[in-house]
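This report refers to the structure that appears directly beneath it.
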Amino acid sequence: MLATLPKETLYDILMHLDDNDLNNTRLAYREAAVMTYSQTFWRERVFVKQPWISEFVLAADTSGVDWLLVYLLTEHILSRKFEQGYDEEDIANDEEKGRWNIPDLIPILHLENRERIWESCREMYLHAMKVKAEAPPRPELKAAFLHDVEMTPLVPLSIPPYSDHGLHLTMAPFLNSFNDLQDAQPIIIVHRHKNASFLAGIEVWCSETFEPGFKTAEIQIPPGDWLAAVIFTGSENPLNRHLDFGGDEKDYSFVVKGVKFLFLRSPSVQIGETEGEHRLFVPRNGTFPVGFAGDASKRSLVRLDNFAMICHPIAKAEGACLHRITGPPVTTFSRDPLATEYLWKNELPPPELHIERLFEDPIFRTPSCSLESLVFGTCDADLAKMTAIGVGAWQQGIEVVYTDGSRRGIGPGRVAMQYHSIDGPGGERIIACYPRRDPSEDRMSWWSLRFITNRNRHFIFGDGPFESSDTDRLPRKENHGRILMGLYGHWGRISGPKLQTDVIKQLQAIGGFSAYHDKFIRGDMLTDEADRFWCPSPPRGVQRLIGPVFGDPVNGEQRFNNKDESELSHYASVAWFDCSRPLKSIRVTFCRTSYDQRMPMASLVFNYSDGTSKSIGPTEFNPPQDPGFWREWCPCRLRPLAVPAVMIESPHYKHFDWDLNGAYLTGFTVYTGKYGDIERLRFLASDGSKTDTPGYRSGYKEEKHTVEFKDIRDGFSPALKVWYDHDGGVFFGARIIAAIQVMEIEKGRNDELIESFSGITT
């Protein structure tokens, strides 16, 4: 047993044992003999037994002093052994045999504290028994009624819990037996937390025994009606996990501030706030609620730390009682199991739609992370109003645009939005979304999203698919016959191992809503000659590539290897731009990188004279302002190494616009750098004008390439093929226009294509 004691406790015990016990302990336990062997032990024992010695000893030189002998002498002097003829030889004999006469035992601090703690526990127990005996009597619950009750999942509502002490799981039923079901009118009492504005607990009382107390409101289940569901509303607060139940509102990171009770027939009742994160509790199909369950400290008060609904099968109710609990179906909330599993921000999922389970980042925490919902529509008439869908290059926002110009979106920001058009009025529908996680080291640009429509058009935001990379699908593959009706997701702060990226919120989880529909995907997936996906679709009819690919120097000096192969990744997507139509303007957007001052092309927009447009990359920009400075905030400052001042002071994106006023493109000039990548680009127009040469200079010798659209065959039109690929140096929206090539497309086959959303102002 001594081996289980902490060393400091054992040391104190040995210090205060009498001579016989100390001697026996030294013989029985080796560690005790070791502790009592040192001069330090006996020196301290002298001061413990004879504290008056300390004022003489501390001022003197005690080096070389035998403290065991000092201890024995002082003890024998105290007990007047010398008066009995006890000399130094006797002392030496006692020392050899380990026998010393130690005075009364001095209290040991560790054991004294433990005795005081147990005494306090005993007093608390006696007080609790007294309070329990004086508590008002309550009707005895029949054990049979709660014996086989089923319970919805026990969900944490308050984070952290209000209190970790003195709680136990309890049930607060509405009834004592099924015989009470027909006439019972249970009263639900909502308690407000003291010293704060959030709710603390729910109490249930039968009407004949109800006693008013401290409460915020009481709700009585109406005669002939029954409870259908409960919705709790909460919000985030500053986090402090070290205070108990008596603390203030600021002590908790997430608290309940409102609750809504929904009935089968009667109007719902709302207590407290309505805006925030919502948690739905609804009984499983075929059951009805008979009470609540959760953590409790006294009586029937169910605290809002962990909460559940207790239910019984409807089949157990007989006769007239059955009518009370089986009213018309409530259509104001979803009965999908995932609706009760997740925490929803601002609004609950619509009951008309099926909820597709999340694809999650490993760090996503389901109980405490709220989800934002973006519902495209609940019926086909709503989907017919969609004209575009957009996703932020920083992946901080997803947005849908409708025919009336209204927008609906989710996510914390709209910094650089990339849009694709949808011919909703013409019957085009989004069928599915393929999310893909990119496990990059810096945790940036974590997700890529690809949407596919019933016209086999692909809206690619991020990396394109490659081989079997599209294993994740919304709706999930087992839900055959459903199409995508919306998305929901969670954005949170993530700090990477190399970059302090927690200053912004990033996508951590994404799921979807679906419904059965008669739309389906027509045709096979369309790719180019290298099996890269067209975004959104290839040109119709015959097409032919002309000349080299600028930006992909297969025969030039390789930056990373010496192999004669393409540097474009398998995840690149391709798009095409019609160069035969009159243009109103062209916009080229460049973005900064993290490792030098180079600025690759992030997006390209052709605005045609007929009001349509074609684009790739982000086209709408709302950069955040740098706190404390009158300038745009640039994410390149997150780079762990030293950042040049020009990268901090200048914006992340730079735009160059060129007005053509109805002219045609006749060619372009591209400047490539040391490694063959595109550094600058100049367009040539039919009126003889030419754009500036926006871009960057790397400091190395540039190579100039001028291409004119002269080799186009009769019956064909010039076009530009563009590769949109990943660039490791761009933190946010890490996709750039990596390469371009001239191509020719068949005339008349592509005049009516609507390839991109034209309603965005750039």
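Residue 762, in the UniProt record's numbering, is where the sequence shown stops; the numbers in between run on with no holes.
In this text, a Cβ means the ideal position worked out from N, Cα and C, and glycines have one as well.
Please read all numbers here as calculations on a predicted model, not as lab measurements.
Cβ neighbour criterion (16 or more within 10 Å) applied to residue i
i           : result
residue 396 : buried
residue 429 : buried
residue 295 : buried
residue 3   : exposed
residue 252 : Reliability of the predicted coordinates at residue 252 is poor, the pLDDT of 44 falling under 50, and the value obtained from them is presented with this limitation in mind. When all chains shown are included, residue 252 counts as buried.
residue 393 : buried
residue 121 : exposed
residue 532 : buried
residue 615 : buried
residue 600 : buried
residue 687 : exposed
residue 748 : exposed
residue 607 : buried
residue 7   : exposed
residue 17  : buried
residue 659 : exposed
residue 704 : exposed
residue 713 : exposed
residue 358 : buried
Distance CB(residue i)-CB(residue j) smaller than 7 Å
i           : j           : result
residue 582 : residue 662 : yes
residue 410 : residue 374 : yes
residue 325 : residue 317 : yes
residue 260 : residue 273 : no
residue 546 : residue 742 : yes
residue 603 : residue 589 : yes
residue 671 : residue 708 : no
residue 43  : residue 15  : no
residue 484 : residue 432 : yes
residue 360 : residue 514 : no
residue 321 : residue 182 : yes
residue 510 : residue 435 : yes
residue 381 : residue 552 : no
residue 541 : residue 746 : yes
residue 575 : residue 722 : yes
residue 667 : residue 681 : no
residue 277 : residue 348 : no
residue 405 : residue 304 : no
residue 364 : residue 508 : yes
residue 579 : residue 388 : no
residue 156 : residue 306 : yes
residue 486 : residue 376 : yes
Per DSSP, the bridge partner or partners of residue i
i           : result
residue 600 : Paired residues: none, contrary to the question.
residue 302 : 202
residue 235 : 255
residue 725 : 736
residue 681 : 670
residue 591 : 653
residue 260 : 231 and 270
residue 290 : DSSP, once it has assigned bridges, lists no residue as partnering residue 290.
residue 176 : In the DSSP output, where bridge partners are listed per residue, residue 176 has none listed.
residue 659 : 585
residue 706 : 669
residue 488 : 373 and 511
residue 690 : 684
residue 436 : 448
residue 575 : 722
residue 123 : According to DSSP, residue 123 bridges with nothing at all.
residue 390 : 399 and 419
residue 156 : 306
residue 605 : 587 and 615
Nearest-angstrom Cβ-Cβ length linking residue i and residue j, presumed shorter than 8 Å
i           : j           : result
residue 172 : residue 203 : 7 Å
residue 152 : residue 267 : About 24 Å separates the two Cβ atoms, so there is no contact after all.
residue 264 : residue 228 : 5 Å
residue 67  : residue 39  : 5 Å
residue 313 : residue 287 : 5 Å
residue 591 : residue 653 : 5 Å
residue 280 : residue 231 : 5 Å
residue 489 : residue 372 : 6 Å
residue 493 : residue 744 : Not really, about 49 Å apart at Cβ, beyond 8 Å.
residue 384 : residue 413 : No, residue 384 and residue 413 are not in contact; Cβ-Cβ is about 29 Å, not under 8 Å.
- [ ] With a floor of 4 residues, list each alpha helix (DSSP H) that falls wholly inside the stretch 12 to 72, ordered by position along the chain.
- [x] 19 to 28, 30 to 35, 39 to 49 and 54 to 57
Open item on the list: If we require 3 or more residues per run, which beta strand (DSSP E) segments fall completely within the stretch 310 to 373?
Closed with: 343 to 345 and 354 to 360
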